[in-house]
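Remarks on the structure that follows.
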Amino acid sequence: MRTLSMGLLLAGVVAGTTAALRSAVPSVGGTPAPELTSTSWLNADRPLRLSELRGRVVLLNFWVFTCGNCTRTVPSLVAYDRHYRERGLTIIGIHTPEFPPYAGEHDKGNLARALARQGIAYPNAQDNDRRTWDAYGIRYWPSFVLIDKRGMIRYTGYGEFHLDDGDFRTWDQRIQQLLAE
Amino acid sequence: MTKFAMLVLATLAIAACHDHPPLVALEAGPPLRLVAAPRVRINARLKPALELDDGTVLRFDSPRVTSDSAYFAAAPTVATPPSGSRHGTLRLSVCPAGERLCRLVVMAVAW
Numbered sequence: 001m002r003t004l005s006m007g008l009l010l011a012g013v014v015a016g017t018t019a020a021l022r023s024a025v026p027s028v029g030g031t032p033a034p035e036l037t038s039t040s041w042l043n044a045d046r047p048l049r050l051s052e053l054r055g056r057v058v059l060l061n062f063w064v065f066t067c068g069n070c071t072r073t074v075p076s077l078v079a080y081d082r083h084y085r086e087r088g089l090t091i092i093g094i095h096t097p098e099f100p101p102y103a104g105e106h107d108k109g110n111l112a113r114a115l116a117r118q119g120i121a122y123p124n125a126q127d128n129d130r131r132t133w134d135a136y137g138i139r140y141w142p143s144f145v146l147i148d149k150r151g152m153i154r155y156t157g158y159g160e161f162h163l164d165d166g167d168f169r170t171w172d173q174r175i176q177q178l179l180a181e
Numbered sequence: 001m002t003k004f005a006m007l008v009l010a011t012l013a014i015a016a017c018h019d020h021p022p023l024v025a026l027e028a029g030p031p032l033r034l035v036a037a038p039r040v041r042i043n044a045r046l047k048p049a050l051e052l053d054d055g056t057v058l059r060f061d062s063p064r065v066t067s068d069s070a071y072f073a074a075a076p077t078v079a080t081p082p083s084g085s086r087h088g089t090l091r092l093s094v095c096p097a098g099e100r101l102c103r104l105v106v107m108a109v110a111w
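Okay, here's the thing in structure tokens:
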């Protein structure tokens with residue numbers, strides 16, 4: 001056995017399927033967004049709750065700093081934040097680790113350094129227990145949930161995008177639409 | 001490991017792959033080697049972990065990564081202890097090209 005190349009194929013226990021990748025799904029009328037419950041935050045002087053953000057559009061970004069697809073999307077989110085924060089958009093990073101604590105993703109100092117490295121000024125919640133990830137039924141890094149001024153989920157989607165590409169413009173239009181309502 | 005155990009493992013592996021194309025293969029060495037399927041990239045910023053049943057955590061690594069350090073450019077390997085547990089849980093983050101996202105893969109393995 002020791003000399004046998006097993007070719008043990010791994011595919012079954014995957015956190016998701018390949019169906020309908022990256023397609024943002026509009027929810028007509030929306031569904032109520034689960035409340036945020038994280039107690040550990042960065043770039044916020046106290047834990048944020050959606051119930052306190054009524055009247056603002058909220059974009060949740062589920063990410064982790066070890067995910068290249070996530071970090072390459074951050075410049076787009078920083079651009080949205082700079083452009084729309086004063087007009088009523090709140091971007092919230094939901095930092096959900098992939099691995100157990102031994103990988104360092106749970107460490108608040110590591111996350112703080114990642115935020116500084118990427119120029120992220122918007123609030124980030126540590127979702128170390130995956131409670132928020134599970135509440136929203138998220139399966140991939142990065143994922144996005146756009147919530148309207150009434151606290152209803154209106155658009156969801158996932159997958160890396162870049163400044164001024166098609167997905168960037170689509171999310172930009174959705175943000176503008178909800179800000180205008 | 002007995003031939004019977006090998007057969008069980010192979011059966012489990014095939015069953016696990018029934019609904020999805022294989023993403024990676026674990027090749028017994030030594031050292032153990034993770035080989036990604038074509039167009040599947042293994043996240044190098046989160047080194048794959050082999051959590052042995054005795055609590056030991058081994059991390060796969062390779063000196064060759066992509067220019068942005070995001071993915072392995074050569075199959076990552078890990079040396080296993082000469083004795084002790086020969087089974088555990090494999091955990092890795094895979095980012096298939098074209099999907100523009102990362103997913104977590106967790107699976108029981110033995111060698």
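Residue numbers (our numbering), protein chains in the order written: chain A, 1 to 181; chain B, 1 to 111.
For each residue, glycine too, the CB sits at the ideal point set by N, CA and C.
Quantities reported herein were computed from a predicted structural model and do not represent experimental measurements.
Nearest-angstrom beta carbon gap, residue j and residue i [assumed within contact, 8 Å]
i, j, result
"Arg154 of chain A", "Gly30 of chain A", "5 Å"
"Arg56 of chain A", "Leu89 of chain A", "7 Å"
"Tyr140 of chain A", "Tyr158 of chain A", "4 Å"
"Thr80 of chain B", "Pro31 of chain B", "7 Å"
"Pro38 of chain B", "Leu92 of chain B", "The pair is not a contact, with the Cβ atoms about 17 Å apart (cut-off 8 Å)."
"Cys67 of chain A", "Asn43 of chain B", "7 Å"
Cα-Cα separation, residue i to residue j
i, j, result
"His87 of chain B", "Phe60 of chain B", "15 Å"
"Ser23 of chain A", "Cys102 of chain B", "Below a pLDDT of 50, predicted positions are generally treated as unreliable, and Ser23 of chain A, at 46, falls in that range; no measurement from the model is reported."
"Met152 of chain A", "Arg41 of chain B", "36 Å"
"Ala110 of chain B", "Arg45 of chain B", "25 Å"
"Phe161 of chain A", "Arg100 of chain B", "8 Å"
"Asn61 of chain A", "Asp68 of chain B", "22 Å"
"Val145 of chain A", "Leu48 of chain A", "16 Å"
"Asn124 of chain A", "Trp63 of chain A", "10 Å"
"Ile147 of chain A", "Ile92 of chain A", "11 Å"
"Glu86 of chain A", "Gly104 of chain A", "34 Å"
"Ala180 of chain A", "Leu104 of chain B", "37 Å"
"Leu26 of chain B", "Arg150 of chain A", "49 Å"
"Ala112 of chain A", "Thr73 of chain A", "18 Å"
"Asn110 of chain A", "Phe65 of chain A", "9 Å"
Chain B contact for residue i (CB, 8 Å cutoff)
i, result
"Thr66 of chain A", "yes"
"Leu21 of chain A", "Caution applies to Leu21 of chain A, whose pLDDT of 38 falls short of 50 and renders its modelled position unreliable; the value that the coordinates give is listed next. Cβ-Cβ to chain B under 8 Å: yes for Leu21 of chain A."
"Gly159 of chain A", "yes"
"Pro142 of chain A", "yes"
"Thr61 of chain A", "Correcting the residue type first, residue 61 of chain A is Asn in the shown sequence and not Thr. Answer no: the Cβ-Cβ gap between Asn61 of chain A and chain B never drops below 8 Å."
"Phe99 of chain A", "yes"
"Ala103 of chain A", "yes"
"Asn211 of chain A", "No statement about residue 211 of chain A is possible, as the shown extent of chain A runs from 1 to 181 and does not include it."
C-beta neighbour in chain A for residue i, strict 8 Å
i, result
"Asp68 of chain B", "yes"
"Ala49 of chain B", "yes"
"Val113 of chain B", "Since the first residue shown for chain B is 1 and the last is 111, residue 113 of chain B is missing from the structure and cannot be characterised."
"Ser93 of chain B", "yes"
"Leu101 of chain B", "yes"
"Val57 of chain B", "yes"
"Leu52 of chain B", "no"
"Arg39 of chain B", "no"
Backbone secondary structure at residue i - three-state DSSP
i, result
"Ala125 of chain A", "strand"
"Ser76 of chain A", "helix"
"Leu42 of chain A", "strand"
"Ala25 of chain B", "strand"
"Tyr84 of chain A", "helix"
"Phe161 of chain A", "coil"
"Leu90 of chain B", "strand"
"Gly98 of chain B", "coil"
"Gly68 of chain A", "helix"
At least three beta-carbon pairs within less than 8 Å, the region 96-106 of chain A to the region 69-80 of chain B = Because the criterion of three Cβ pairs below 8 Å is not met, the region 96-106 of chain A and the region 69-80 of chain B do not touch.
ask   = Counting pairs of beta carbons, one from the region 32-47 of chain A and one from the region 123-135 of chain A, are three or more of them closer than 8 Å?
value = Contact holds between the region 32-47 of chain A and the region 123-135 of chain A, because three or more Cβ pairs, one in each stretch, are under 8 Å apart.
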